[in-house]
Ligand code: ARG
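Residue numbers (this note's numbering): 2 to 402.
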């Protein structure tokens with residue numbers, strides 16, 4: 002029986018050419034797998050037809066947008082995950098869901114190998130292959146760009162020679178990856194890290210310099226999950242989309258960073274994640290009133306580690322799973338409403354309310370109704386500073402000798 006290979010297929014030039022390229026190089030049959038993670042653009046049906054037109058023996062297409070929002074974006078939100086303090090893991094969280102579908106398709110169509118279009122310099126090759134190794138340890142991996150010398154020029158020549166139903170003249174100077182959680186743009190002019198991004202780079206966000214009137218929004222959460230916007234019930238996918246629209250119109254969520262790739266390269270990336278950044282801001286502020294202080298402090302370090310694991314392609318790892326359990330436990334009381342103003346590139350919280358809040362007015366107030374016994378503070382401070390005071394006494398004693 003002819004060997005079969007499933008290919009992560011985007012519908013673009015490189016993966017369209019990869020179908021035939023892999024076929025010629027390996028003699029295998031190629032099954033194209035396209036997964037909708039809310040990236041917008043062409044319909045799955047258009048993509049399926051193109052895959053078949055480019056020589057795929059089968060095409061597997063899946064609308065995974067709700068699955069992606071519920072099982073990948075929501076955990077990222079619960080973790081308030083920002084890699085290196087900036088990046089909400091847009092591409093990093095889409096790879097594991099695509100991997101799930103690749104492995105499913107491989108089983109369905111009896112494939113022995115999984116192919117993806119990544120280069121040998123980035124993080125995504127790692128995320129795909131580590132994911133596949135974990136979910137389908139018997140499956141092999143191949144990357145035509147990296148392993149079969151499929152360069153851009155060769156791709157264009159191949160498409161033209163074979164008359165593939167794909168545009169070869171449209172040249173985008175940037176490498177772009179996008180889904181409902183955000184958009185990532187790199188390469189070209191941006192590789193000079195002193196160059197400011199030009200306006201044409203952005204798509205999810207309007208320029209924040211000349212914002213429309215401020216937009217006030219109330220986001221309601223239940224156990225860390227966004228459930229309503231301005232009182233209207235929403236699914237997580239709808240919440241992200243609605244905030245992409247509204248926060249995007251105000252230029253919220255533009256990020257320009259040089260980040261540390263797993264492979265040791267520093268690279269410049271422009272992100273736009275209006276919905277994700279508005280949601281993370283609101284969620285964090287709700288945690289501020291509903292999570293106890295020590296748990297909150299520890300959770301911040303857990304969230305950072307979680308972000309590193311996910312960035313590094315360890316979505317399916319045991320440590321990530323354990324951290325998920327911790328994070329999930331912290332979300333029990335993260336319910337309530339956050340009111341925020343979106344304007345001029347910022348999402349600023351100006352009100353919060355929760356039935357499970359730890360904010361105690363009678364403890365906090367400086368006005369009448371104060372129930373806090375200030376006389377307790379004196380002895381507390383005495384003990385709190387005791388060990389440093391003892392050490393400082395020793396330092397003075399030793400220095401004096
Ligand atoms: N640097 C980001 C990451 O590794 C995004 C990579 C996405 N690719 C792109 N063409 N911009 O998660």
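Where is the CB? At the ideal position from N, CA and C, for every residue including glycine.
It should be emphasised that the depicted structure is a prediction, and the values quoted were computed from it without experimental measurement.
Contact set for residue i: own chain, Cβ-Cβ below 7 Å, skip 5 residues either direction
i: residue 247; result: 216, 218 and 343
i: residue 196; result: 190
i: residue 127; result: 263 and 314
i: residue 226; result: 75 and 237
i: residue 194; result: 259 and 269
i: residue 320; result: 310
Boundaries (first-last residue) of the beta strand (DSSP E) holding residue i
i: residue 218; result: 216-223
i: residue 61; result: 59-64
i: residue 176; result: 176-180
i: residue 330; result: No beta strand (DSSP E) contains residue 330, which is instead part of the alpha helix (DSSP H) from 319-331.
i: residue 260; result: 255-261
i: residue 116; result: 114-116
Continuous alpha helix (DSSP H) stretch holding residue i: start and end
i: residue 19; result: 14-27
i: residue 92; result: 91-110
i: residue 245; result: 237-250
i: residue 202; result: Taken as a continuous stretch (DSSP letters only), residue 202 belongs to no alpha helix (DSSP H), as it is neither H nor E.
i: residue 364; result: 362-365
i: residue 398; result: 387-400
i: residue 70; result: No alpha helix (DSSP H) holds residue 70; DSSP gives it neither H nor E.
Whether residue i touches residue j by CB criterion (7 Å)
i: residue 10; j: residue 26; result: no
i: residue 339; j: residue 286; result: yes
i: residue 275; j: residue 314; result: no
i: residue 96; j: residue 129; result: yes
i: residue 21; j: residue 56; result: yes
i: residue 92; j: residue 185; result: yes
i: residue 85; j: residue 260; result: yes
i: residue 423; j: residue 305; result: Only positions 2 to 402 of the chain appear in the structure, and residue 423 is not among them; the question remains open.
i: residue 270; j: residue 187; result: yes
i: residue 159; j: residue 253; result: no
i: residue 65; j: residue 52; result: no
i: residue 279; j: residue 348; result: yes
i: residue 40; j: residue 180; result: yes
i: residue 341; j: residue 335; result: no
i: residue 67; j: residue 324; result: no
i: residue 209; j: residue 345; result: yes
i: residue 202; j: residue 14; result: no
i: residue 102; j: residue 258; result: no
i: residue 403; j: residue 291; result: The chain is shown only over 2 to 402; residue 403 falls outside these bounds and no answer can be derived.
i: residue 16; j: residue 164; result: no
i: residue 354; j: residue 380; result: no
i: residue 145; j: residue 151; result: yes
Reduced DSSP category for residue i - H, G, I as helix; E, B as strand; rest coil
i: residue 268; result: strand
i: residue 130; result: helix
i: residue 144; result: coil
i: residue 190; result: helix
i: residue 412; result: As shown, the chain starts at 2 and ends at 402. That puts residue 412 outside it, with no answer to give.
i: residue 292; result: coil
i: residue 46; result: helix
i: residue 80; result: coil
i: residue 343; result: strand
i: residue 32; result: strand
i: residue 227; result: strand
i: residue 313; result: coil
i: residue 86; result: coil
i: residue 123; result: coil
i: residue 155; result: helix
i: residue 274; result: coil
i: residue 52; result: helix
i: residue 335; result: coil
i: residue 350; result: strand
i: residue 41; result: coil
i: residue 172; result: coil
i: residue 185; result: strand
i: residue 150; result: coil
Cut-off 8 Å between Cβ atoms - residues of its own chain near residue i, not counting five sequence neighbours on either side
i: residue 6; result: 23, 27, 29, 30, 31, 32, 112, 113, 114, 115, 116 and 143
Residues near residue i in its chain [Cβ-Cβ closer than 6 Å; skip 5 each side]
i: residue 157; result: 169
i: residue 370; result: 363
i: residue 311; result: 90 and 93
i: residue 73; result: 94 and 98
i: residue 255; result: 206 and 273
i: residue 284; result: 78
i: residue 81; result: 281, 285 and 304
i: residue 62; result: 35, 45 and 49
i: residue 373; result: 364
i: residue 175; result: 186, 188 and 189
i: residue 47; result: none
Can you tell me which residues fall inside 5 Å of the ligand ARG, judged by beta-carbon distance to its nearest heavy atom, and keep chain order?
92, 93, 124, 176, 178, 185, 187 and 270
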